[in-house]
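Down below is the structure, laid out as structure tokens.
Protein chains: 2
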Amino acid sequence: MDTIKRIFVPKKLRKRQYFLQSGEVCKYYGFVVKGAMRQYSVDEKGNEHIVQLSIENWWVGDRESFTMLTPSLYFIDAWEETDLLTLTQTDLSILNEIPVFLEMKARMDENHHFALQKRVNASISLSAEQRYEALAQMYPEFLHRFPQHIIASYLGITKETLSRVRSSSTKK
Amino acid sequence: MDTIKRIFVPKKLRKRQYFLQSGEVCKYYGFVVKGAMRQYSVDEKGNEHIVQLSIENWWVGDRESFTMLTPSLYFIDAWEETDLLTLTQTDLSILNEIPVFLEMKARMDENHHFALQKRVNASISLSAEQRYEALAQMYPEFLHRFPQHIIASYLGITKETLSRVRSSSTKK
DNA sequence: CGCGGGTTTGATGATGCTCAAGCCCGGTGG
DNA sequence: CCACCGGGCTTGAGCATCATCAAACCCGCG
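Line order of the protein sequences matches chains A and B. The opening position of the first sequence corresponds to residue -17 in the working numbering, with each subsequent residue numbered one higher. The opening position of the second sequence corresponds to residue -17 in the working numbering, with each subsequent residue numbered one higher.
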């Protein structure tokens, strides 16, 4: 417990402040103590595509860039003012010596894995409306924490389509 | 090495034979020695949606069902005649005692994680044609091992659309 | 009061789906 | 050896879904 406390470095981010920018290597991984963050890619037309939303008790960072030390394809920034606990790759290898931490990490990874799998399945098998319903079911907090244009991007649709989906589904 | 050899149970599947059916708990996880398998969900109209294709040296199984012991949403069957090495959840906990195995597993999980993340990003940010190009780039073997209607389903499009995408992109 | 971010609405158009038909080709049985 | 069959692939016409672009609206805040 002592080692854990010693290793994590607190970090405060203001609204809209970047935690990672595309092209950089992701040197820090963060645990969200308070706040809300988003991870997204930007296409050639400048559109943002949200690949991940993180709120309290979630991890944030580009896992691939972090472990492979490759330049990231993604941007990560704070949507709300956010408190993080951050660590570096070398910090992580220290923590990996602690069995209980390793196990906890494995379980968290597993959960994240399940979530990604479900999202892949949703994206190839469900319509825009069904995907929205599924999100509202699985992560209802998101709908309060993030504006609709972000939710829409997370779902892979435009804000206009989401607006119409919502108005037609409340009618039922 | 001895323990590893003792634990894995070889299994042979014929073409189209099920490894897992929706509603069952996934009791076995498999390593593909030779062959090709697919994992898919089936919607209410009876359409299959491919969430995962596995060939030599890949793992196969529904991770969520396997670890949580919950009924699976997916079917898994052999597309070609396939040789597997299988293990159960209890077998796995034995292997987890072996540090080198644990590390290997962590690395494989990580790679799978990266792949899922990329697929999510592709599904929300790319067109059908771009997704096909990306797949052809990343896993060219798939195009030879699986018929087009399966590739199409993996990409989240219909076989007709894939056919048109291909014919228009070879013209260029 | 006016500004800015977020949301809604409408008209139009592109992308991809559905349904139906025909083709290609390897395999099977007469 | 040929006829037929079935799975996979292609093509076409019409249609549904969703994107785009533009305008207006809403509302909290300086």
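In this text, a Cβ means the ideal position worked out from N, Cα and C, and glycines have one as well.
Counting contacts by CB-CB distance shorter than 7 Å, is S107(A) in contact with chain B?
For S107(A), the answer is yes, since a Cβ of chain B falls inside 7 Å of its Cβ.
What is the residue span of the alpha helix (DSSP H) that Q179(B) lies within?
In this structure chain B extends from -17 to 154, so residue 179(B) is not present and cannot be described.
Starting from K100(A) and walking both ways along the alpha helix (DSSP H), at which residues does that stretch end?
Note, K100(A): alpha helix (DSSP H), P81 to S107.
Applying the criterion that 16 or more other CB atoms from any shown protein chain within 10 Å of the CB defines a buried residue, is Y0(B) buried or exposed?
Y0(B) is exposed by the Cβ-count criterion.
Would Q130(B) and L108(B) be called neighbours here (beta carbons separated by less than 7 Å)?
The answer is no: Cβ separation not under 7 Å.
May I ask which residues mark the beginning and end of the beta strand (DSSP E) holding E30(A)?
Per DSSP, E30(A) belongs to the beta strand (DSSP E) from E30 to S36.
Mind reading off the beta-carbon distance from L171(A) to S4(A)? Whole number of angstroms is fine, and I expect it under 8 Å.
The structure shown does not extend to residue 171(A), since chain A spans only -17 to 154, so no value can be given for it.
Do the segment -16 to -1 of chain A and the segment 35 to 44 of chain A make contact, defined as three or more Cβ pairs closer than 8 Å?
Taking 8 Å as the limit for Cβ pairs, the verdict is that the segment 35 to 44 of chain A does not touch the segment -16 to -1 of chain A.
With 16 as the cutoff for other CB atoms within 10 Å, does V102(B) come out buried or exposed?
That one is buried.
Going by C-alpha distance, which of I32(A), T49(A), T152(A) and W61(A) is nearest E111(A)?
Residue T152(A) is the option with its Cα nearest to E111(A).
Keeping to the same chain, check which residues put their C-beta closer than 7 Å to that of A116(A); ignore five residues upstream and five downstream.
Only A104 and L108 meet the Cβ criterion.
Per DSSP, what are the beta-bridge partners of V7(B) in this structure?
Bridge partners of V7(B): P53(B).
H31(B) versus chain A: which residues are under 8 Å apart at the beta carbon?
Here the neighbours are N103, I106 and S107.
Report yes if the C-beta distance between Q21(B) and V33(B) is below 7 Å; otherwise report no.
Yes.
Between F57(A) and the rest of its own chain, which residues show a CB-CB distance below 6 Å, the 5 nearest in sequence each way excluded?
These residues qualify, in order along the chain: Q3, S4 and Y22.
Assuming E62(B) contacts G17(B) (C-beta within less than 8 Å), just tell me the rounded distance between them.
Indeed they touch by this definition, with Cβ atoms about 5 Å apart.
Can you give me the Cβ contacts of T52(A) inside the same chain, cut-off strictly under 8 Å, excluding the 5 residues immediately before and after it?
Cβ within range, chain order: V7 and E46.
Comparing C-alpha positions only, which one of M50(A), K(-6)(A) and M19(A) sits nearest to V132(A)?
One detail in the question is off: residue 132(A) reads as Ile in this sequence, not Val. Out of M50(A), K(-6)(A) and M19(A), M19(A) has the C-alpha closest to the C-alpha of I132(A).
Please decide whether D73(B) counts as near chain A, where near means a Cβ-Cβ distance under 7 Å.
No, no contact with chain A.
Would the beta-carbon of D59(A) fall within 7 Å of that of R127(A)?
No, these two residues do not count as a Cβ contact at 7 Å.
Sort K9(A), N78(A), L84(A) and K141(A) by Cα distance to L69(A) and report the nearest one.
Checking every option, the nearest Cα to that of L69(A) belongs to K9(A).
Which of the residues in the segment 117 to 134 of chain A, read from start to end, lie with their CB under 8 Å from any CB of chain B?
The residues in question: there are none.
Relative to the C-alpha of V24(B), which candidate in S149(B), E142(B), S150(B) and G138(B) has its C-alpha closest?
When only C-alpha atoms are compared, the closest one is G138(B).
So the beta strand (DSSP E) D73(A) belongs to, where does it begin and stop?
Careful: D73(A) lies outside any beta strand (DSSP E), inside the alpha helix (DSSP H) at Q71 to L77.
Since I believe L77(A) is in contact with K(-7)(A) (beta carbons under 8 Å), could you give me their beta-carbon distance rounded to a whole number of angstroms?
At roughly 17 Å, the Cβ-Cβ gap does not stay under 8 Å, so K(-7)(A) and L77(A) are not in contact.
With DSSP as the reference, please indicate the residues paired to T64(A) in a beta bridge.
DSSP lists L(-5)(A) as partners of T64(A).
Who are the near neighbours of M50(A) in its chain, counting only those whose CB is closer than 8 Å to its CB and skipping five residues on each side?
Taken in chain order, the list of residues that qualify is empty.
Helix, strand or coil for Y121(B) per DSSP?
DSSP places Y121(B) in coil when its eight states are reduced to three.
Which one of R89(B), L74(B) and Q99(B) has the shortest CA to CA distance from D44(A)?
Selected option, being the one with the closest Cα: Q99(B).
Tell me which residues of the segment -10 to 21 of chain A have at least one Cβ-Cβ distance to chain B shorter than 7 Å, keeping chain order.
The segment -10 to 21 of chain A vs chain B, Cβ under 7 Å: nothing.
From the DSSP output, read off the bridge partner residues of S23(B).
According to DSSP, S23(B) bridges with H31(B).
Pull up the CB-CB distance for D158(A) and D91(B), whole angstroms please, since I reckon it's below 8 Å.
Outside the modelled stretch of chain A, which goes from -17 to 154, sits residue 158(A), for which no answer is possible.
Which residues, taken in chain order from the segment 51 to 74 of chain A, show a beta carbon closer than 7 Å to some beta carbon of chain B?
Per Cβ criterion, the list is empty.
Closer than 8 Å, Cβ to Cβ, to anything on chain B: give me those residues from the segment 38 to 49 of chain A, in chain order.
So the close ones are R45, E46 and T49.
Can the beta-carbon of S135(B) be found closer than 7 Å to that of E26(B)?
No, the Cβ-Cβ distance between S135(B) and E26(B) is not below 7 Å.
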